[in-house]
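Engineer: Pasting in a structure now, in structure tokens, and then I'll have a few things to ask.
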Amino acid sequence: MHSTIKRPRYLSYCLYSSLILLAFFVLAPVAWLLLMSLSSPTDLTKVPLQWIPSQWDFSRYAQLLDGDNGSGERFLAAMLNSLIIATSATVIALFAGVLAAYAFSRRNASMLLMFAFLATIMMPPVTYILPLYSAFSDLGILNTKVALIICYCAMLIPFAIWLMKTNIDVLPEEIEQAAMIEGAGTLYTLRKVVLPIILPAIGATAMLSFLTAWDEFFYALIFSSDLSAKTIPVAIADFSAGRVTDFGVIASVGVLASLPPVIVALFFQRFIVSGLVGGSVKG
Amino acid sequence: MRSLIGAKQQKWLLLAPALTVLALISFVPFVKTLWLSFSDSEISALPTVVSFIGLENYIYALTDPDFILSLGRTLYFTFVSVGAEVILGVAVALLLNQQFRGRTLMRALIILPWAIPTIVNAVTWRLIYNPDYGALNSLLMQLGIIGEYRSWLGDPDVAMNMVILADVWKNFPLVAYVALAALQTVPMDMLNAARLEGANAWRRFYKITLPWIIGPLLVIIVLRSVEAFRVFDIIYVMTRGGPANQTKTASFYVYQEYFSYLRSGSGSSYAIIVALISIILIYGYYKAAKRQNGSL
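As they're listed, the protein sequences go chains A and B.
For the record, in the first sequence the residue sitting at position 15 is 16 according to this note's numbering, with numbers rising by one throughout.
For the record, in the second sequence the residue sitting at position 15 is 21 according to this note's numbering, with numbers rising by one throughout.
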């Protein structure tokens, strides 16, 4: 598979040393986070550092994954909140997104409206936050998962529409027309004809939406105040700002919170990269 | 549904769920913020009388040197971060476009920084920069580059650049992936012809590759700028705007005006000014995307 073009030796050296440098730059911070989570507190406070732990210390993971202590309880509650909020918002956004995408692709909805949708998520959240805060407060849903699910829907829907629209656009319209001539309604056609074909795109959209919701910090910081709604990014900010003096605990929380998105990203790389790139590179 | 209602109504029915959410969660709050920005409203538990004060908040904001400085810092953050991400991203894309063993693995590997949540990224780099026990201090000392440990995030002269480094690490993969995808569309025969005619690598890049990938790059550059301009989370975790306000960006400024000083009226005027600058950037995105895709 690899071609046999001859490369001058000095270029090979350049290439491989750049690659090693790149690998170091990308991996070193991640590797260090992992090492910190497994080093004993004494190793972490040596000057200069003890890079490789003198003994492997798994106690923080045991502590965090056990709900019977303060840190563990806070961590597990936040992970569960994040999971519920990100999943719900993703499902709702996909539903609303696929319907709207069909309107843009096949029912001539104005592209200006599409752009207005996209513009809403490009605005800084500080322009929305205060009226939302008072509205949620009036409705009595501050510090609930519902408030965050609603906000995240607004954040995910425009992006979901855009991704799915670009995928519906390239489908040949004849199949849908055939189905409609047979007497199928729009929703039926959408569900039975269009959805099965764009399933990979829906998968990519779902994953990107989930990761975006999992990552969100600003709304979660403002709208949640205790275990009933705090998400994992807020919990991490708390851990790192609080009185925790052991870096290992903070690092362990970071590692565990990164696991879901990293696993998704590595396993579904092709999907995700095509989704990310799709909007800017014409296929 | 098909025979009962026309295509036009169908269009709006299909749009209804998305439209409702966005109207309630984005459009209405925006208009309310705009309205508040012309008032002397304050956040208070008691009902207060709010009066309309015209442009007073805006005049105050635009003559407030602290706010102007925070806008400048935000532009600096945006410009330097995105600039570095583009240079690094394109360089990495060119590198990963070469043929070498392990290419698939390397291409997969660079998704890692992007996949790590922003807050974890911020916390990780804060620990790396730690003045007493941080990895950066230890590494530079062991390499003999610095003689004693430094407080990277505590030094007003370097703190912002250290935050930028963390941001670049997290976001360059996105640019790299876009550039890599764009590189696949560059016609090889053109490059080969240029090579035969004796054009060197830099000239081939500058004259053929770059013009070919600039469209997609422009889209991602503006998109990243829009994102970078509203930076908040990484600042909140790494520096809280310090030291000496050197990393206090516009979003952080508005956040404090609202939730530390409880001035919703003047805070809203700051928010609207930030939004206006964002709108200029968003318009740039619209132009770039339109140029690239034709339709939008």
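Here a beta-carbon is modelled for each residue, glycine too, at the ideal position from N, C-alpha and C.
Considering K38 of chain B, what are the terminal residues of the alpha helix (DSSP H) in which it resides?
Structural biologist: Where K38 of chain B is concerned, the enclosing alpha helix (DSSP H) stretches over 34 to 42.
Engineer: Counting only Cβ pairs nearer than 8 Å, list the residues of chain B close to L45 of chain A.
Structural biologist: Those are Y139, listed as they occur along chain B.
Engineer: Within this structure, are the beta carbons of G252 of chain B and P137 of chain B separated by less than 9 Å?
Structural biologist: Correcting the residue type first, residue 252 of chain B is Gln in the shown sequence and not Gly. Cβ distance not < 9 Å, so Q252 of chain B and P137 of chain B don't count as in contact.
Engineer: When you check each C-beta in the stretch 177 to 189 of chain B against every C-beta of chain A, which residues fall closer than 7 Å?
Structural biologist: If the cut-off is 7 Å between Cβ atoms, the stretch 177 to 189 of chain B has L180, Y183, V184, A187, A188 near chain A.
Engineer: Helix or strand or just coil, what does DSSP make of S111 of chain A?
Structural biologist: If DSSP states are grouped into helix, strand and coil, S111 of chain A belongs with coil.
Engineer: Who pairs with S257 of chain B in a beta bridge, going by DSSP?
Structural biologist: Beta-bridge pairing links S257 of chain B to no other residue.
Engineer: With 9 Å as the C-beta to C-beta threshold (strictly closer), list the residues of the stretch 87 to 98 of chain A near chain B in chain order.
Structural biologist: The stretch 87 to 98 of chain A vs chain B, Cβ under 9 Å: I93, A94, F96, A97, G98.
Engineer: Can you tell me which of the three DSSP states S259 of chain A falls into?
Structural biologist: The answer is helix: DSSP assigns S259 of chain A an H, G or I state.
Engineer: Is there at least one Cβ from chain A nearer than 9 Å to N251 of chain B's Cβ?
Structural biologist: By this cut-off, N251 of chain B is not an interface position.
Engineer: Determine, using beta carbons only, whether V27 of chain A and L111 of chain B come nearer to each other than 9 Å.
Structural biologist: Contact: no.
Engineer: Please classify F268 of chain A: is it buried, with 16 or more other beta-carbons within 10 angstroms of its beta-carbon, or exposed?
Structural biologist: Per the 10 Å Cβ criterion, exposed.
Engineer: Within the continuous alpha helix (DSSP H) that includes P179 of chain B, where are the two ends?
Structural biologist: Residues 165 to 189.
Engineer: Count the other CB atoms, across all protein chains shown, that sit within 10 Å of the CB of P71 of chain B; report buried if there are 16 or more and exposed otherwise.
Structural biologist: Answer is exposed; the Cβ neighbour count stays below 16.
Engineer: Just reading off the alpha helix (DSSP H) that S210 of chain A is part of, what are its end residues?
Structural biologist: 200 to 216 is the span of the alpha helix (DSSP H), which, as asked, contains S210 of chain A.
Engineer: Please state whether DSSP places F59 of chain A in a helix, a strand or coil.
Structural biologist: The answer is coil: DSSP assigns F59 of chain A none of H, G, I, E or B.
Engineer: Buried or exposed, going by whether 16 or more other CB atoms sit within 10 Å of the CB of R107 of chain A?
Structural biologist: Buried.
Engineer: Taking 9 Å as the threshold (C-beta atoms), are W33 of chain A and I134 of chain B in contact?
Structural biologist: Against a cut-off of 9 Å, the Cβ pair of W33 of chain A and I134 of chain B comes out as a contact.
Engineer: Can you name the start and end residues of the alpha helix (DSSP H) that E91 of chain B belongs to?
Structural biologist: Here the alpha helix (DSSP H) through E91 of chain B covers 71 to 102.
Engineer: Just to confirm my understanding: we take R8 of chain A, look at its own chain, exclude 5 residues before and 5 after, and list those with CB closer than 8 Å. What are they?
Structural biologist: Closer than 8 Å at the Cβ level, and outside the excluded window around R8 of chain A, lie L16.
Engineer: Taking the Cβ atom as the reference point for each residue, do F258 of chain B and S144 of chain B lie within a distance shorter than 9 Å?
Structural biologist: No, Cβ-Cβ distance for F258 of chain B and S144 of chain B is not below 9 Å.
Engineer: In angstroms, rounded to a whole number, what distance separates the CA positions of S301 of chain B and I53 of chain A?
Structural biologist: With a pLDDT of 47 at S301 of chain B, under the threshold of 50, the modelled position of this residue cannot be trusted; read the value that follows with caution. Their Cα atoms are separated by approximately 54 Å.
Engineer: So, does the stretch 17 to 32 of chain B touch the stretch 222 to 242 of chain A, judging by three or more C-beta pairs under 8 Å?
Structural biologist: No contact exists between the stretch 17 to 32 of chain B and the stretch 222 to 242 of chain A.
Engineer: Is it buried or exposed for M112 of chain A, if we count other Cβ within 10 angstroms and need 16 for buried?
Structural biologist: Counting Cβ neighbours within 10 Å, M112 of chain A comes out exposed, since fewer than 16 surround it.
Engineer: Taking the alpha-carbon of Y289 of chain B as reference, which of A:A104, A:A120, A:Y11, A:T88 has the nearest alpha-carbon?
Structural biologist: Of A:A104, A:A120, A:Y11, A:T88, the residue nearest in Cα terms is A:A120.
Engineer: Shorter than 9 Å from the beta carbon of S301 of chain B to some beta carbon of chain A?
Structural biologist: Unreliable placement is indicated for S301 of chain B, whose pLDDT of 47 sits below 50; no coordinate value is reported for it.
Engineer: Under 9 Å between C-beta atoms, does Y242 of chain B make it to chain A?
Structural biologist: It does; some Cβ of chain A falls within 9 Å.
Engineer: Should G78 of chain B be flagged as near chain A, meaning a C-beta pair shorter than 9 Å?
Structural biologist: It does not: the Cβ of G78 of chain B has no partner Cβ on chain A nearer than 9 Å.
Engineer: Got a sec? Which residues, its chain only, sit under 8 Å from P249 of chain B by beta carbon, not counting five neighbours each side?
Structural biologist: Correct list, in chain order: L159, G160, D161, P162, A165.
Engineer: Starting from the beta carbon of A234 of chain B, find every residue of chain A whose beta carbon is closer than 7 Å, and list them in chain order.
Structural biologist: What A234 of chain B touches in chain A: nothing, since even the nearest Cβ is about 11 Å away.
Engineer: Do three or more CB pairs link the stretch 152 to 168 of chain A to the stretch 85 to 104 of chain A at distances below 8 Å?
Structural biologist: Result yes; three or more Cβ-Cβ pairs closer than 8 Å.
Engineer: According to DSSP, what are the bridge partners of F272 of chain A?
Structural biologist: Answer is none; F272 of chain A lacks a bridge partner.
Engineer: Could you check the C-alpha separation between T187 of chain A and M181 of chain A for me, to the nearest Å?
Structural biologist: Distance between the alpha carbons of T187 of chain A and M181 of chain A: 7 Å.
Engineer: Given that M147 of chain B touches chain A, what residues does it touch there, using C-beta distances under 7 Å?
Structural biologist: Residues of chain A passing the Cβ test: P49.
Engineer: Can you tell me which residues form a DSSP beta bridge with S45 of chain B?
Structural biologist: The partner list for S45 of chain B (beta bridge, DSSP) reads B:F58.
Engineer: Whose Cβ in chain B lies nearer than 8 Å to the Cβ of Y129 of chain A?
Structural biologist: Going along chain B in sequence order, the residues near Y129 of chain A (Cβ under 8 Å) are I31, S32, P35, F36, T39.
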